[in-house]
Amino acid sequence: MESCLRSIVDLQEHLLSSLDFSATHVLYELQSCCNGLLRKICNIDLYSHFLHGFMQKIDTHESIIDESIQILIKKYSDLSKRLKHELFSQITRKKNIKTLESIEFNGENVRDADDAYTETLEVSCPRPDSARISEGSARTTISLDIGGTLVKVAYRLNLHDLRGYTYLTCVYEAYCYSAVFVKYASRYYKLDMNLDYGDVSSEIDFLHSLYLNVEAGKNSTFCFRHVPISRIGELVRSITAIEDRYGCQYLSLTGGGSFKYRNMFDYMKNVRARDEMACLFEAVKFIHNIPGSVISYNLEHRLPKKKSINPLYPYLIVNIGSGISVIKVSSETEFRRVSGTSIAGGTAFGLINYLIPTASSKCFNNFNAGNSMFDVFNEYVDEATVKKYPPYGLKLSLGALPSDCGSEGYRDAYITSISGMIGYNIGTLGYLLAKVHEAKRAFFTGKFVCNFTTESIVSGFSFSSDVYNDKTIDICFPVHGGYIATLGCLLCI
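Just so you know, we're using my numbering here: the sequence shown kicks off at -2 and counts up by one.
As structure tokens, this is what we get:
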């Protein structure tokens, strides 16, 4: 692990000393070393338990690492942030020069936007401070949000010393910063790079699970993961094995599947079904208490910013899974479902499987555009305004592609086109509903919101704000977005 970290740090220092980010072979080597580090750092018992179960008690002291490695991890993290900052500074400087006369920022010339850009670039990785759930909610040991495509799971993890695993989340943050740097360097310099994170997708899932932890008592935390709905039988057997080993478990279920598959849990004594709308409401209310819990986008430049939020009523929750449910929250205690549609993630995944059969939903999330765990690290700085961004639509998305859907070279293009087409329409729908219901903020949540759909959702939302000449509606993506109903299921007592 130490040699791998030293190689990464050497490459990063070389890039910073030259400030030349256009060398394809260096970027490839950096990404390869970072992937190798993930594989090495996840070579621990906790990772093995993560792959084969949903709740384990870990009593080992394997989390203790050498001080020299801790120093290298800190250096890796700092250099990753500096690289991203330097690259984005280059991009924004060039963009500002090109658009000095045509773009305004909050009513002032773009020259005055530097502070806003700097603030965006220097924010820390959007990891929310761990929040503690109530004592009543902490009785739950497993929470399931059973959807039409995926089962989202929150499971209790008991560690000998939870603080000892903080270095894992530090490595995850640094990895994501570095991945963002490599991705946008390749786009900015128009490099022919095929970035694929699929070979470390399991390691990323594991680290992301720890990253989103919610404290549930001393050395106890809830971690998050997901499995395809086709594996629900395997999931139930895993829960049964946990009961046999550790005794009675307290389960909370939500989602449409909690009714469809309820009989699979009949043998368990302590099972509670929760209304999905109530779970979404409770979860979004809860994240208002977590610093840095959402990413908000400036609609003029589409630059993201991690921020803490205060309640701003009324607001909408647009939850995107296989279908969409839209909830209007009018106060701390009042909410209701106001709209929805069946055209969402299930439609996209179905069309993709029809055109290009894929192995699983994981292939959809982990294809060339990047892993879904990078959701909150996307920073779209390529275009100065939404007016310059290419439009979306069925003809534009698919019309230029060849009819040979099975061609490996066009697999990613089809996935991007279909998900982008649907994501753009979801963004447009979200803005229109926010306008109709006089909402001041719209939260987009659900597992459909991932690396390559966020861009199209923001584009649709931004375009509609141009049409209505109203950019006052705040668009937000919670850090726990894909697991928001699962989190709410823990909170509903």
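Think of the CB as a built atom: it goes at the ideal place given N, C-alpha and C, for glycine as much as any other residue.
Given that a residue counts as buried once 16 or more other Cβ atoms are within 10 Å of its Cβ, and exposed if not, what is residue i?
i    : result
A238 : exposed
R222 : buried
D56  : Caution is warranted here: a pLDDT of 48 is assigned to D56, below 50, making its placement in the model unreliable, and the coordinate value is therefore given only provisionally. Exposed is the call here.
S205 : The question names Ser, yet the displayed sequence has His at residue 205. Counting Cβ neighbours within 10 Å, H205 comes out buried, since at least 16 surround it.
S322 : buried
I68  : exposed
K444 : buried
G347 : exposed
Y152 : buried
L309 : exposed
V464 : exposed
V150 : buried
T450 : buried
S29  : exposed
First and last residue of the alpha helix (DSSP H) that includes residue i?
i    : result
D202 : 198 to 208
H22  : 21 to 38
F474 : Not the alpha helix (DSSP H): F474 falls in the beta strand (DSSP E), residues 471 to 475.
G478 : Premise fails: G478 is in no alpha helix (DSSP H) and is neither H nor E.
R3   : -1 to 15
F278 : 273 to 284
S255 : 254 to 257
L188 : It is not in any alpha helix (DSSP H) - L188 carries neither H nor E in the DSSP assignment.
F346 : 342 to 352
Compute the Euclidean distance between the alpha carbons of residue i and residue j, then round it to the nearest angstrom.
i    : j    : result
R271 : V148 : 15 angstroms
Y172 : C31  : 6 angstroms
D42  : N260 : 33 angstroms
D17  : A439 : 39 angstroms
N40  : G479 : 26 angstroms
I472 : K303 : 12 angstroms
S217 : T146 : 29 angstroms
N375 : G254 : With a pLDDT of 34 at N375, under the threshold of 50, the predicted position of this residue should be treated as unreliable, though the coordinate-derived value follows. Between N375 and G254, the C-alpha separation is close to 31 angstroms.
I62  : L352 : 48 angstroms
S328 : E273 : 18 angstroms
C489 : I292 : 25 angstroms
R242 : R269 : 21 angstroms
I66  : V168 : 11 angstroms
N316 : K257 : 20 angstroms
I143 : P311 : 28 angstroms
L8   : V476 : 30 angstroms
F262 : A213 : 24 angstroms
R234 : P225 : 15 angstroms
E170 : Y247 : 32 angstroms
N422 : Y428 : 10 angstroms
Y44  : F203 : 7 angstroms
E64  : T166 : 17 angstroms
G420 : K468 : 19 angstroms
C1   : E279 : 43 angstroms
K81  : F283 : 31 angstroms
F441 : G252 : 17 angstroms
I349 : T413 : 10 angstroms
T163 : N155 : 14 angstroms
S456 : H434 : 21 angstroms
L487 : L48  : 22 angstroms
L296 : S459 : 6 angstroms
R3   : H11  : 12 angstroms
T483 : S15  : 46 angstroms
What are the start and end residues of the beta strand (DSSP E) that includes residue i?
i    : result
A182 : It is not in any beta strand (DSSP E) - A182 instead sits in the alpha helix (DSSP H) that spans 163 to 185.
F221 : 217 to 225
Y294 : 291 to 294
T338 : 332 to 338
Who pairs with residue i in a beta bridge, going by DSSP?
i    : result
Y312 : V326, R438
V268 : L248
S140 : A151, S249
V464 : None, per the DSSP bridge assignment.
K303 : I292
I321 : I317, T338
Under the assumption that residue i contacts residue j (Cβ atoms under 8 angstroms), give the Cβ distance between them as a whole number of angstroms.
i    : j    : result
S453 : G417 : 4 angstroms
L141 : L13  : Going by Cβ atoms, the distance from L141 to L13 rounds to 45 angstroms, so no, they are not a contact pair.
I5   : L24  : About 12 angstroms separates the two Cβ atoms, so there is no contact after all.
I139 : I236 : 6 angstroms
T21  : M190 : 6 angstroms
I324 : F332 : 6 angstroms
S319 : G343 : 3 angstroms
K78  : Y185 : With 8 angstroms as the limit, K78 and Y185 do not qualify as a contact, their Cβ atoms being about 18 angstroms apart.
A345 : I287 : Not quite, the Cβ-Cβ distance comes to about 30 angstroms (not below 8 angstroms), so this is no contact.
V197 : R36  : 6 angstroms
I314 : V281 : 6 angstroms
L277 : G33  : Not really, about 39 angstroms apart at Cβ, beyond 8 angstroms.
Any chance the CB of residue i is under 8 angstroms from a heavy atom of the ligand FMN?
i    : result
S217 : Among the ligands in the structure shown, none appear at all, so the ligand FMN cannot be discussed.
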